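So the sequence shown is numbered by this note's numbering: it starts at 5 and just counts up by one.
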Amino acid sequence: MELPWVEKYRPQLLKDVVGNESTVERLKAIARDGNMPNIIISGPPGTGKTTSVLCLAKELLAESYKDAVLELNASDDRGIDTVRNKIKMFAQKKVGLPAGRHKIVILDEADSMTAAAQQAMRRTMEVHSGTTRFALACNTSSKIIEPIQSRCAILRYTRLSEEQLTERIMHTIESEKVAYDPLGVEALLFTAEGDMRQALNSLQACHSGFGLINQVNVFKVCDQPHPLVVQKMLEACLEGDFQCANKEMMGLFNQGYSAVDCVGTVFKVCKSYDDKKMPEALKLAFIKEIGVCHMRIADGAASRLQLQGLVAKLCKLTM
5 MELPWVEKYR PQLLKDVVGN ESTVERLKAI ARDGNMPNII ISGPPGTGKT TSVLCLAKEL
65 LAESYKDAVL ELNASDDRGI DTVRNKIKMF AQKKVGLPAG RHKIVILDEA DSMTAAAQQA
125 MRRTMEVHSG TTRFALACNT SSKIIEPIQS RCAILRYTRL SEEQLTERIM HTIESEKVAY
185 DPLGVEALLF TAEGDMRQAL NSLQACHSGF GLINQVNVFK VCDQPHPLVV QKMLEACLEG
245 DFQCANKEMM GLFNQGYSAV DCVGTVFKVC KSYDDKKMPE ALKLAFIKEI GVCHMRIADG
305 AASRLQLQGL VAKLCKLTM
């Protein structure tokens with residue numbers, strides 16, 4: 005059975021993990037010394053948090069990996085009973101390990117654990133610290149209670165750069181012999197926004213559906229407003245032409261794209277707009293208005309009027 009590419013090309017060793025070099029170096033040092041502290045890894049989705057923890061566990065435990073690692077995900081039940089029974093039982097279990105190594109409990113999406121379960125866990129972390137260490141992966145570390153944060157080393161992951169994504173995408177394209185053109189790869193980078201998982205999933209979906217990775221196919225698969233349309237809209241705003249800009253924006257809205265998608269794409273295109281055509285002060289003013297509009301839409305006012313208001317504001321700023 006063919007594996008999804010995300011799993012097929014998932015790194016098995018820390019040296020293969022892409023991006024966040026300084027943080028990965030710290031994990032490599034832990035793997036070399038063997039004395040792993042309790043850690044929290046926080047950062048956006050698709051940046052390699054879980055993969056890094058799994059690689060670290062494999063390098064630390066080698067042959068004993070199957071017996072000495074307990075992995076719980078958000079999809080598993082992780083209420084207070086699980087902590088009291090499953091995690092506690094695992095922490096008490098005797099496993100033959102190399103000298104200086106510990107059992108590892110990996111909790112993925114730890115920020116979705118209830119506060120009560122986290123409270124129950126903090127005691128287990130202390131009592132069994134001689135034999136068991138905890139690795140928590142989460143999107144926002146602030147959702148983890150402070151007593152646990154103070155017991156852990158916190159490592160932060162950031163979004164991956166376009167160069168890092170490109171390198172991995174090209175490696176996958178060459179391994180799978182996928183037909184592509186350079187604009188298609190650029191479109192993948194644009195839609196992924198530093199998320200490696202999304203980039204590889206979009207690549208595989210586009211390859212399975214169309215057989216060719218080009219701009220049109222990628223935007224069809226990802227179902228995002230086309231940035232060239234948004235660029236036209238911004239060009240019209242820079243010339244103060246409300247009618248033309250409004251026509252482009254309403255075209256997207258009438259095609260069925262949600263207001264959140266529209267305003268999100270406007271932000272992405274505006275952020276990377278050519279500095280010669282849009283001076284920095286104006287760009288910042290544009291981004292401020294886009295942010296205000298995004299906030300209103302996120303609060304529930306996702307109407308055509310908000311988008312038209314945004315276009316009018318942008319035109320007014322350039323006049």
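Think of the CB as a built atom: it goes at the ideal place given N, C-alpha and C, for glycine as much as any other residue. Keep in mind that this is a model prediction, so the values were computed, not measured.
Along the chain, where does the beta strand (DSSP E) that runs through residue i open and close?
i    : result
E75  : V73 to L76
R137 : T136 to C142
S46  : I43 to S46
R155 : Per DSSP, R155 belongs to no beta strand (DSSP E); it is in the alpha helix (DSSP H), E150 to R155.
L111 : K107 to L111
Shortest alpha-carbon distance to residue i belongs to which of the options?
i    : options                   : result
I108 : A72, L140, K317 and V273  : A72
V222 : Q235, F194 and G198       : F194
E171 : G23, A114 and K62         : G23
A95  : R201, T128, R14 and C142  : T128
R105 : S116, R137 and L76        : R137
L321 : S79, Q247, M299 and C241  : C241
C210 : H230, P229, M200 and V189 : V189
R14  : E293, G52 and L216        : G52
D303 : L288, A263, Y277 and L318 : A263
Q168 : S154, V182 and G50        : G50
K181 : G215, G47, E130 and M237  : G215
E243 : V315, K98 and N218        : V315
G255 : E6, G134 and H230         : H230
C297 : Q312, C142 and R160       : Q312
A191 : L232, A249 and A103       : L232
I294 : D278, Y277, V267 and A285 : V267
Using 10 angstroms around the beta-carbon of residue i, count the other beta-carbons present and answer buried if the total reaches 16, otherwise exposed.
i    : result
N89  : exposed
D37  : exposed
T144 : exposed
K70  : exposed
R30  : exposed
K275 : exposed
M323 : exposed
S206 : buried
H132 : buried
Q208 : buried
A305 : exposed
G47  : buried
M174 : exposed
N42  : buried
A103 : exposed
T54  : buried
Counting only the same chain and skipping the five closest in sequence on each side, list residues whose C-beta sits under 8 Å from that of residue i.
i    : result
L101 : L65, S68, A72 and K107
S165 : G23 and G198
A124 : I84, V87 and R88
Q16  : C59 and K62
R300 : Q310
K280 : none
I149 : A119, Q122, Q123 and R126
V273 : P231, V234, Q235 and L238
Hey, could you find the ends of the alpha helix (DSSP H) residue i is sitting in?
i    : result
I294 : E284 to A302
I34  : E25 to D37
D177 : Just to set this straight, residue 177 is Ile in the shown sequence, not Asp. It spans E166 to E180 - the alpha helix (DSSP H) in which I177 sits, taken as one unbroken run.
M253 : F246 to N258
Tell me which residues share the same chain as residue i and place their Cβ nearer than 7 Å to its Cβ, disregarding the 5 neighbours each side in the sequence.
i    : result
V28  : L18, V21 and S56
G83  : T118 and A121
Q228 : T195, D265 and T269
A78  : D112, E113 and S116
F246 : V315, A316 and C319
T176 : W9, Y13, L204 and L207
A35  : L18, L60, E63 and L64
If we ignore side chains and look at the alpha-carbon of each, how far apart do residue i and residue j end up?
i    : j    : result
F271 : P283 : 16 Å
R308 : V234 : 16 Å
K359 : E113 : Absent from the structure is residue 359, since the part of the chain shown begins at 5 and ends at 323.
Y326 : E25  : Nothing can be reported for residue 326, as the shown portion of the chain is limited to 5 through 323.
I152 : D80  : 20 Å
V220 : A203 : 16 Å
L74  : K92  : 11 Å
S179 : G260 : 36 Å
K251 : K317 : 15 Å
P8   : K224 : 20 Å
G134 : C142 : 24 Å
Return the chain-ordered list of same chain residues with a C-beta closer than 6 Å to the C-beta of residue i, the five sequence neighbours on each side being excluded.
i    : result
K32  : L18
L111 : L76 and L140
I44  : L140, S145, C156 and I158
Would you verify that the beta carbon of residue i is, or is not, closer than 8 Å to some beta carbon of chain B?
i    : result
A289 : In the structure shown, chain B cannot be found, because there is only a single protein chain.
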